[in-house]
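Enquirer: Residue numbers (our numbering): 21 to 659. Can you read through this structure? Questions will come right after.
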Amino acid sequence: MTRGRHAGPHPARTGRGHRPRPAVRRRHGFPAPAPGMPYREALRFLSRRRGVLLRLALWSAVEAAHTFATGYALAKALDAGFLAGRAATGLAWLGLAAAAVAAGAYGTGRTYRGVAALVEPLRDALVRRVVLRALRDGDGAAVSRLTHQVEIARDTFAGLVMVSRSFVFTAAGALVGLFLLAPVLLVVVVPPLLLGLGLFVVTLRPLARRQEAFLAADEAVAQSLGDLCAGLRDIAASGAEQRAGAEAGALVDAERRTADALARWSVARAAALAVAGRFPVVPLLAAAPWLLDHGVTPGAFVGALAYLTQSLLPALQNLVHGLGASGSRLMVVIRRLTAQPPDRPELPCAPPVAPARFAVELRGVTFGYGEHAEPVVRGLDLALPAGAFLAVVGPSGVGKSTLASLMAGLLEPWTGEVRVAGAAARTRGAAARRVLIPQEAYVFSGTLRENVCYLREGPVGEGEIAAAVHALGAGPLVRQLGGLEAQVAPGELSAGERQRIALVRAYLSPAPVVLLDEAACHLDPAAEARAERAFAARPGGTLVVIAHRAGSARRADRVLVMDGLRTDAGTHRELLGRSALYRDLVGSQPPRSARDPDGVDPVAGPGLAGDRGHVIAHRPVRQVQTAGDLADGGAFGGE
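Next comes the structure, spelled out in structure tokens:
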């Protein structure tokens, strides 16, 4: 079933057959940026909210009223009022402009509701995606994504909606005003405006790529420094200071190069802003004599200047800074949140194949944490047929949870192969065939039904849920929480209650291979035994238990004993007879030999100081053994 062997010198020192951890492989380069944002998903997201977009556009049009009035009312106040000697008319036009400002402020307030109706569903969708990825792939960066990156996406998306909407309606209001004042003004103002906007659009994609490369370089530097700090002792012991320093220095230099490239494209963005926002004023002033000679009134000319300096320029500045900085950041964050994790590529499902011979199989697996660290598992062969019940025991820190993570595909072995139901452990096909419940069970906010049925694709029948709850003894908890439709607050549950919910979820999952990594450690021994028997009795199910109690080993069909790089496997009785470590772990004595006529067992672990061949008699408690009652008539020797 299993064989543990020493594979000779450490692979990192021989240079043969060593497969470093994915984080180590990434030290020599950064992940290439993804081909692009999920534009189709974005369009689908917006198309499902056409009503929200329509209301947002209507209130934005109300907001743009003051933009139109900024130049048009000012021009009329001058031409028809103050320059014509009619001060009352001029004041009336200025009063109309003030009323338009008040209306615009009201419209601005109403637009925030529309923005929230767009932003919050996006945040919810990203949170669901992150949680799904964390549960499916064991994503270690899920906490950062939930608490940091999702909030960045939410805030940045809200800002982009505001600045983009503001620019579109501000520009529309200003251009309509220029056309009504004098169409010839558009000939002078629009060409440099379009030139600058075109230059800005051209810089968007390269700027986003440089910013993503910079973020990737920064993450690589942080990862490298974290690895260096964690492995300083191993680095010093192996004399790898120069190599480690060279690798870290190469990453720092690469980050500097990406920062330089980002700075160069930022200069191009600033140039686009100058061309689009500030340069149109120059041809307008230069053409002033010609415009005034060709029917443009002084008021219209002043209104055009107001449109450029008070409306278009601020809106352009907000747009350029918003799309140029926040927009590229949003593209990077959305791409990272929606892309598959680089360490765990999501492979396509393999075509149907013949049933695998083994449910779980490890072939020559070696794994360790860190390029220069000693392996935790070395040369391990393990084969579990379908329906097997294996308990893994060993001292704390020996690598039991590491073995479970290897079986689940969360860790990639240096050498060897891990297969689940015939498929490589790190593929989608294998992931669908196993479920891992760790010691700290995960429960999310939602109904109890949603929690226990989370790993099922379609609806689950009431009878099936009731059978799972009964099999795992979770009925009292379900009644205590108020039934399957009750809302679950994870913070209000005890560790044992969370474990019961997670166990029911795993029981209802379609995965035949169940890995329990001390998943019942917060339950009492009777509840733990009931859970293990329930999983072992699932038709065609295979159970692997990382055991923390001796009862799990006694119930299992086979037991794997891990002792550093040595392993041993067998039944409970077989290991009692040949493994001193196993006897010590389960607190038992070796089985009595059939040749022992006295019905006694030798003391476990003989050879201690003062040992004189003690024996332990299987007799009632407190019964005194008299001298000479053994077959050889020997005395105790004073003990």
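Virtual Cβ for every residue (Gly too), placed ideally from N, Cα, C.
Can you tell me where the alpha helix (DSSP H) holding ALA551 begins and where it ends?
Expert: 545-556
Enquirer: Report the start-end ranges of each alpha helix (DSSP H) in the segment 440-481 that is 4 residues or longer and not cut off at the edges.
Expert: 448-451 and 468-472
Enquirer: Under 8 Å between the Cβ atoms of ALA539 and ARG453?
Expert: Contact flag unset, no.
Enquirer: Taking C-beta to C-beta, are GLY323 and ALA95 nearer than 8 Å?
Expert: yes
Enquirer: Relative to the alpha-carbon of GLU171, which residue among SER184, VAL188 and LEU146 has its alpha-carbon at the smallest distance?
Expert: LEU146
Enquirer: Please work out which residues of its chain come closer than 8 Å, Cβ to Cβ, to LEU291, disregarding the five sequence neighbours upstream and downstream, and give them in chain order.
Expert: Before going further, note that residue 291 is Ala rather than Leu in the sequence given. Answer for ALA291: LEU219, listed in chain order.
Enquirer: Quick check on ALA531: does DSSP put it in helix, strand or coil?
Expert: coil
Enquirer: Just the Cα atoms here: how many angstroms apart are PRO303 and GLY129?
Expert: 36 Å
Enquirer: Using a 10 Å radius around the Cβ and a threshold of 16 neighbouring Cβ atoms, would you call TRP310 buried or exposed?
Expert: Here TRP310 is exposed, its C-beta having fewer than 16 other C-beta atoms within 10 Å.
Enquirer: Taking the alpha-carbon positions, what's the GLU548 to ARG383 distance?
Expert: Distance between the alpha carbons of GLU548 and ARG383: 31 Å.
Enquirer: Is the segment 192-205 close to the segment 76-95, with three or more CB pairs under 8 Å?
Expert: yes
Enquirer: According to the Cβ coordinates, are THR278 and ASP99 closer than 8 Å?
Expert: no
Enquirer: Report the start-end ranges of each alpha helix (DSSP H) in the segment 198-284 that is 4 residues or longer and not cut off at the edges.
Expert: 204-250 and 252-258
Enquirer: Below 8 Å on the Cβ atoms is my guess for THR109 versus SER331; work out the distance and round it to an integer in Å.
Expert: For THR109 against SER331, the beta-carbon gap comes to about 24 Å, at or over 8 Å, which does not count as contact.
Enquirer: For ALA506, name the three-state secondary structure that DSSP assigns.
Expert: coil
Enquirer: Out of LEU475, THR467 and GLY478, which has the shortest C-alpha to C-alpha gap to GLY502?
Expert: Relative to the Cα of GLY502, the nearest Cα in the group LEU475, THR467 and GLY478 belongs to THR467.
Enquirer: Is LEU528 near ARG476, with beta carbons less than 8 Å apart?
Expert: yes
Enquirer: Quick one: what's got a C-beta closer than 7 Å to VAL480's C-beta in the same chain, skipping five residues either side?
Expert: Result list for VAL480: CYS473 and LEU528, in chain order.
Enquirer: Applying the criterion that 16 or more other CB atoms from any shown protein chain within 10 Å of the CB defines a buried residue, is PHE199 buried or exposed?
Expert: When all chains shown are included, PHE199 counts as exposed.
Enquirer: For ASP577 versus PHE464, is the C-beta spacing smaller than 8 Å?
Expert: No, Cβ-Cβ distance for ASP577 and PHE464 is not below 8 Å.
Enquirer: Residues in the same chain with beta-carbon distance under 7 Å from GLY182, minus the five sequence neighbours each way, listed in chain order, please.
Expert: According to the sequence as given, residue 182 is Met; it is not Gly. Within the same chain, MET182 has close Cβ partners VAL135.
Enquirer: Roughly how many angstroms lie between the CA atoms of GLY319 and ARG148, to the nearest whole one?
Expert: Roughly 56 Å between the two C-alpha positions.
Enquirer: Please classify TYR126: is it buried, with 16 or more other beta-carbons within 10 angstroms of its beta-carbon, or exposed?
Expert: exposed
Enquirer: Looking at C-alpha atoms only, which residue of ASP144, ALA233, GLY269 and TYR327 is the closest neighbour of ALA281?
Expert: ALA233
Enquirer: With a Cβ-Cβ cutoff of 8 Å, do LEU677 and GLU517 count as a contact?
Expert: With the chain represented from 21 up to 659, any question about residue 677 goes unanswered, as that position is not in the structure.
Enquirer: Based on DSSP bridge pairs, tell me the residues matched to ALA403.
Expert: Beta-bridge pairing by DSSP links ALA403 to GLU381.
Enquirer: Answer yes or no: do ALA307 and VAL208 have a C-beta to C-beta separation smaller than 8 Å?
Expert: yes
Enquirer: How big is the Cα-Cα spacing for VAL542 and HIS568?
Expert: First, the residue type needs correcting, since residue 542 is His and not Val in the sequence shown. In a straight line, the C-alpha of HIS542 is about 11 Å away from that of HIS568.
Enquirer: Could you have a look at LEU103 and say whether DSSP puts it in helix, strand or coil?
Expert: coil
Enquirer: Please go through the same chain and pick out, in chain order, the residues whose beta-carbon is closer than 6 Å to the beta-carbon of LEU456, but skip the five residues on each side of it.
Expert: ALA428 and LEU535
Enquirer: Measure the beta-carbon distance from VAL412 to VAL397 and round it to whole angstroms, keeping in mind my assumption that it falls under 8 Å.
Expert: Rounded, the Cβ-Cβ distance is 11 Å, inconsistent with contact.
Enquirer: Do you know how far the Cα of ALA450 is from the Cα of PHE387?
Expert: A direct Cα-Cα distance of roughly 20 Å separates PHE387 from ALA450.
Enquirer: Starting from the Cα of ARG586, find the closest Cα among PRO395, ASP247, ARG574 and PRO510 and give me that residue.
Expert: PRO395
Enquirer: Is there a Cβ of chain C sitting closer than 8 Å to that of GLY597, yes or no?
Expert: No chain C is part of this structure, which consists of one protein chain only.
Enquirer: Cβ of VAL380 within 8 Å of Cβ of THR591?
Expert: no
Enquirer: Please report the Cβ distance between GLU267 and SER244, rounded to the nearest whole angstrom; I am assuming they are in contact, meaning their Cβ atoms lie under 8 Å.
Expert: So it is a contact: roughly 7 Å between Cβ atoms.
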